[in-house]
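Note sheet for the following structure.
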Amino acid sequence: MTELLRAEHISKRFGPVTALRDVSLRLGRGEVLGLIGDNGAGKSTLIKTLCGFHRPDSGRIVVDGEETTLRSVGHARSLGIDTVYQDLALVDQLSVYHNMFLNREVVRWPFLRNRAMRKLARQHLDEIGVDIPDVTVEVARLSGGQRQAIAVARSVYSARRVLLLDEPLAAMGAKEGAQILDLIADLKARGDIAMILIVHNYAQVLDVCDRVNLLQHGTITFDKPTAETSLDELTDLVVSEYRRRRATGTGGR
Ligand SMILES: Nc1ncnc2c1ncn2[C@@H]1O[C@H](COP(=O)(O)OP(=O)(O)OP(=O)(O)O)[C@@H](O)[C@H]1O
Numbered sequence: 001m002t003e004l005l006r007a008e009h010i011s012k013r014f015g016p017v018t019a020l021r022d023v024s025l026r027l028g029r030g031e032v033l034g035l036i037g038d039n040g041a042g043k044s045t046l047i048k049t050l051c052g053f054h055r056p057d058s059g060r061i062v063v064d065g066e067e068t069t070l071r072s073v074g075h076a077r078s079l080g081i082d083t084v085y086q087d088l089a090l091v092d093q094l095s096v097y098h099n100m101f102l103n104r105e106v107v108r109w110p111f112l113r114n115r116a117m118r119k120l121a122r123q124h125l126d127e128i129g130v131d132i133p134d135v136t137v138e139v140a141r142l143s144g145g146q147r148q149a150i151a152v153a154r155s156v157y158s159a160r161r162v163l164l165l166d167e168p169l170a171a172m173g174a175k176e177g178a179q180i181l182d183l184i185a186d187l188k189a190r191g192d193i194a195m196i197l198i199v200h201n202y203a204q205v206l207d208v209c210d211r212v213n214l215l216q217h218g219t220i221t222f223d224k225p226t227a228e229t230s231l232d233e234l235t236d237l238v239v240s241e242y243r244r245r246r247a248t249g250t251g252g253r
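Residues 1 to 253 in UniProt numbering are what the sequence shown lists, from first letter to last.
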């Protein structure tokens, strides 16, 4: 399997807090890695380090065989690494299609090609099966699930190598969540990009991911193919850690 992204010995501190400690992972083309762990374990920090938002204090990032210092989110995006954030980063007052092309507008200088963007947005949403009747409507008027679908669709459209999804199912109903999971499964079936997915529901992790990593206090403590683990094992891992911390009165780090 072609390796698209490798992180080696990544560490990241915020003042006294060690958010990531010697984290290494590999992602192959077509592979989906599930990242699980308690609140504050370092999952978002890891995603933000891999998408160029945070600079790691130490460690290496290798993108498609080339060691790279990710200078910014824009730089990572130019290398084909795209991110769906927890807080979505949609602009409420803009239309669906403007949001889909935010920061990557189709321009014939000095004019925005609105008609072209509308057509492409429509095409793309249809292609990936997202049900939004009108791409000219403001995203503020859409449901949480539709907004989430747009955020995912936007990244699905632009990610060329790696798609990082930080809780894309947060605050979604069952039907909407299933729709996003289907989207991720379709993208995986396409086989040309790699994904990291943070999801709190372990059944969903087992459903769509090839591997699962558990992050505890900034360290990867568990790494297995999903085919070799189970809901019980994943639940036990997290619950036993919680019990251990309660018993010893430690918060980690
Ligand atoms: N910008 C920041 N400045 C200071 N501390 C931070 C910053 N970002 C994260 N942290 C700290 O780093 C640790 C890891 O946080 P992170 O958000 O990565 O965890 P997480 O696993 O994504 O948690 P959650 O599931 O709650 O989103 C936490 O202790 C958090 O308070």
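Note that the Cβ used here is the ideal one computed from N, Cα and C, for glycine as well.
Is F14 near ligand 1, judged by its Cβ being under 6 angstroms from some heavy atom?
Here residue 14 corresponds to residue number 14 of the sequence shown, with the count starting at 1. Yes, since a heavy atom of ligand 1 falls inside the 6 angstroms radius drawn around the Cβ of F14.
Give the secondary structure of R13 by DSSP, where H, G and I count as helix, E and B as strand, and everything else as coil.
By 1-based counting over the sequence shown, the position of residue 13 is 13. Note: R13 maps to strand in three-state DSSP.
Going by DSSP, what residue range makes up the alpha helix (DSSP H) through M100?
One-based indexing of the sequence shown puts residue 100 at position 100. V96 to M100 is the extent of the alpha helix (DSSP H) around M100.
Label V91 either buried or exposed according to how many other C-beta atoms from any shown protein chain fall within 10 Å of its C-beta, with 16 as the threshold for buried.
Reading the sequence shown from its first residue, position 91 is the one you call residue 91. Classified as exposed, V91 has fewer than 16 neighbouring CB atoms from the shown chains inside 10 Å of its CB.
For V84, tell me which candidate among I132, G249 and R147 has the shortest Cα-Cα distance.
Numbered from its first residue, the sequence shown carries residue 84 at position 84. Nearest C-alpha to V84: R147.
S58 lies in the beta strand (DSSP E); which residues open and close that run?
Here residue 58 corresponds to residue number 58 of the sequence shown, with the count starting at 1. Under the DSSP assignment, S58 falls in the beta strand (DSSP E) whose first and last residues are S58 to V63.
Output the distance between the C-alpha atoms of Q123 and R141, rounded to the nearest integer angstrom.
Residue mapping note: residue 123 aligns to position 123 of the sequence shown, counting from 1. Residue mapping note: residue 141 aligns to position 141 of the sequence shown, counting from 1. For Q123 and R141, the gap between their C-alpha atoms comes out near 21 angstroms.
Could you check the C-alpha separation between P225 and L231 for me, to the nearest Å?
Numbered from 1 along the sequence shown, position 225 holds the residue referred to as residue 225. Numbered from 1 along the sequence shown, position 231 holds the residue referred to as residue 231. Looking at the two C-alpha atoms, the distance is approximately 13 angstroms.
So L5 and A194 are in contact, right, with Cβ under 8 angstroms, and what is the actual spacing, rounded?
Numbered from its first residue, the sequence shown carries residue 5 at position 5. Numbered from its first residue, the sequence shown carries residue 194 at position 194. Their Cβ separation, rounded to whole angstroms, is 6 angstroms, which keeps L5 and A194 in contact under 8 angstroms.
Do V156 and L187 have their CB atoms nearer than 7 angstroms?
The sequence position of residue 156 within the sequence shown is 156, counting from 1. The sequence position of residue 187 within the sequence shown is 187, counting from 1. Yes; because the gap between Cβ atoms is below 7 angstroms, this pair is in contact.
Between the beta-carbon of V32 and the beta-carbon of D210, is there less than 7 angstroms?
Against the sequence shown, residue 32 aligns to sequence position 32. Against the sequence shown, residue 210 aligns to sequence position 210. Yes; because the gap between Cβ atoms is below 7 angstroms, this pair is in contact.
In whole angstroms, give me the CA-to-CA distance for D166 and S44.
Locating residue 166 in the sequence shown gives position 166, where the first residue counts as 1. Locating residue 44 in the sequence shown gives position 44, where the first residue counts as 1. Approximately 7 angstroms, taken between the alpha carbons.
Using DSSP with H/G/I as helix, E/B as strand and the rest coil, what is Q93?
On the sequence shown, position 93 is the one that residue 93 refers to. The answer is coil: DSSP assigns Q93 none of H, G, I, E or B.
Give the single residue among G218, E67, Q93 and A121 whose Cα lies nearest to the Cα of F101.
As a first step, residue 101 is located in the sequence shown; it is residue number 101 there, counting from the start. For F101, the nearest C-alpha among the options comes from A121.
Can you tell me whether G145 is helix, strand or coil according to DSSP?
Locating residue 145 in the sequence shown gives position 145, counting from the first residue. The answer is helix: DSSP assigns G145 an H, G or I state.
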